[in-house]
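> Encoded as structure tokens, here's the structure I'll be asking about.
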Amino acid sequence: MIRFDVVTLFPEMFAAVTHSGITRKALEAGLWRLQTWNPRDFTTDNYRTVDDRPYGGGPGMVMLAEPLEKALDAARSEGGGRVIYLSPQGRRLDHDKVMELAGRQALTLLCGRYEGVDERLVRRRVDEELSLGDFVLSGGELAAMAVMDAVVRQLPGALGDGQSALEESFAAGLLDCPQYTRPETWGVESGGLKVPEVLLSGHHEQIRRWRLQQALGRTWLRRPELLAARRMSDEESKLLEAFKQDMESGAQK
Ligand code: 9D3
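Going by the working numbering, the first residue of the sequence shown is number 11, and it counts up by one from there.
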């Protein structure tokens, strides 16, 4: 059972992970738990103020250190773990980091809003800063949910056996191969798009090789830096060379 404590001005957003899908099932199975802490509940003034204008001037507002520290103290007093601040200044989250986090007993996720939180609170109370990447979100909540979703699906028992085997392909550093389901021909009115013949053949070894080749080819086309970071077997090198040949002769898109 991993415990997440989330410090957030928008606790209602977290229904997205508690009320739907794999994360909901895993919650019901007792694999994880969530407690939210609203800094507004730790204010003492009549207006329940959680932000103020930035020293030095400039646009927007900055979250006050005091209500955040009280919320973090409350989380810690009930067993909250290592404090992770989701912020655009953090190191980018990746699979290795997700696996590391999935090994912890408790994580406290601090979500910023507005222009961010007072840096003195970060210095005093944050253990680690994580980002989802170089694009702008409106706050840390969606990033915190992405962390929770990615971590929870790694917990033993969160996925069916079939799915956990599938997951290994990304862990192995390749993009997924294309997927098809019924019907065999789709869109008859516009020419009829067929499922690749090999997938209907029942030749399991040929299917495995085709899927591996597609995964290699797509990774080479779309994310070449993933291939560069990865050893290739003899079989994989040959399959990728054949993919490139097929592309030149116009057999692929
Ligand atoms: C870096 C942009 N800032 C320059 C003026 C403004 C700003 C944008 C977005 C300040 C805070 C935010 C809120 N973003 C997050 O809290 C956040 C985030 C993100 O925006 N992108 C990717 N990952 C993350 S994790 C938390």
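Note that beta-carbon positions come from the ideal geometry of N, C-alpha and C, so glycine has one too.
Pull up the distance between the alpha-carbon of Glu138 and that of His213, whole angstroms please.
What you label residue 138 is simply residue 128 of the sequence shown in a count that begins at 1. What you label residue 213 is simply residue 203 of the sequence shown in a count that begins at 1. Rounded to whole angstroms, Glu138 to His213 spans 49 angstroms at the Cα level.
> What separation, rounded to the nearest whole angstrom, lies between the Cα atoms of Ala36 and Gly201?
Here residue 36 refers to the residue found at position 26 when the sequence shown is read from its first residue. Here residue 201 refers to the residue found at position 191 when the sequence shown is read from its first residue. Looking at the two C-alpha atoms, the distance is approximately 43 angstroms.
> Using alpha carbons as the reference points, say which of Gly149, Arg192, Glu88 lies closest to Pro98.
As a first step, residue 98 must be located in the sequence shown, where it is residue number 88. Comparing Cα-Cα distances from Pro98 to each of Gly149, Arg192, Glu88, the minimum goes to Gly149.
> When the Cα atoms are used, what is the spatial distance from Arg130 to Ala75?
Translated into the one-based positions of the sequence shown, residue 130 becomes position 120. Translated into the one-based positions of the sequence shown, residue 75 becomes position 65. Going from the Cα of Arg130 to the Cα of Ala75 covers about 7 angstroms.
> Anyone know if the C-beta pair for Arg92 and Leu120 falls short of 8 angstroms?
To locate residue 92, count along the sequence shown from 1; it is residue 82. To locate residue 120, count along the sequence shown from 1; it is residue 110. Result no, Cβ atoms of Arg92 and Leu120 do not sit closer than 8 angstroms.
> Could you check whether the Cβ of Leu119 sits closer than 7 angstroms to any heavy atom belonging to the ligand 9D3?
To locate residue 119, count along the sequence shown from 1; it is residue 109. No.
> DSSP puts Cys121 in a beta bridge; with which residues?
Position 111 of the sequence shown, counted from the start, is the residue given in the question as residue 121. According to DSSP, Cys121 bridges with Leu96.
> Going by the C-beta, is Val146 closer than 7 angstroms to any heavy atom of the ligand 9D3?
Here the question's residue 146 lines up with position 136 in the sequence shown. Yes; taking the cut-off as 7 angstroms, the Cβ of Val146 has a heavy atom of the ligand 9D3 nearer than that.
> Express the C-alpha separation of Asp62 and Gly68 in angstroms, rounding to a whole number.
Your numbering for residue 68 matches position 58 in the sequence shown. Your numbering for residue 62 matches position 52 in the sequence shown. When rounded, the distance between both Cα atoms is 12 angstroms.
> Considering just the uninterrupted stretch of the beta strand (DSSP E) at Val17, what are its terminal residues?
Stepping through the sequence shown from its first residue, residue 17 is reached at position 7. It spans 12 to 17 - the beta strand (DSSP E) in which Val17 sits, taken as one unbroken run.
> I'd like to check one pair, Ala39 with Gly167: are the Cβ atoms closer than 8 angstroms?
As a first step, residue 167 is located in the sequence shown; it is residue number 157 there, counting from the start. As a first step, residue 39 is located in the sequence shown; it is residue number 29 there, counting from the start. Yes. Within cutoff.
> If you compare alpha carbons, which of Gly66, Leu41, Thr46, Leu147 is closest to Ala112?
Locating residue 112 in the sequence shown gives position 102, where the first residue counts as 1. Among Gly66, Leu41, Thr46, Leu147, the Cα nearest to that of Ala112 is on Leu41.
> By how many angstroms is the C-alpha of Val17 removed from the C-alpha of Asp83?
Here residue 83 is taken as the residue at index 73 of the sequence shown, counted from 1. Here residue 17 is taken as the residue at index 7 of the sequence shown, counted from 1. So the alpha carbons of these two residues sit roughly 11 angstroms apart.
> Would you call Trp47 buried or exposed, if buried means 16 or more other Cβ atoms sit within 10 Å of its Cβ?
In the sequence shown, counting from the first residue as 1, residue 47 sits at position 37. Buried: at least 16 other Cβ atoms inside 10 Å.
> Hey, out of Ala26, Glu79, Gly89, whose CA is closest to Phe52's CA?
As a working mapping, residue 52 is identified with position 42 in the sequence shown. Ranking Ala26, Glu79, Gly89 by Cα distance to Phe52 puts Glu79 first.
> Give every residue of the same chain whose Cβ lies closer than 6 angstroms to the Cβ of Ala175, excluding the five residues on either side of it in the sequence, and list them in chain order.
Position 165 of the sequence shown, counting from 1, holds the residue named residue 175. Confidence is the limiting factor: at Ala175 the pLDDT is only 49, short of 50, which leaves the residue's position unreliable and the question unanswerable from this model.
> Could you check how far apart the C-beta atoms of Leu103 and Leu140 are, in whole angstroms? I think they sit under 8 angstroms.
Working through the sequence shown from its first residue, we reach residue 103 at position 93. Working through the sequence shown from its first residue, we reach residue 140 at position 130. Indeed, because the Cβ distance is near 5 angstroms, the residues count as touching under 8 angstroms.
> Tell me whether Gln189 sits in a helix, a strand or coil according to DSSP, three-state version.
The count along the sequence shown starts at 1 and reaches residue 189 at position 179. Residue state, collapsed to three classes: coil.
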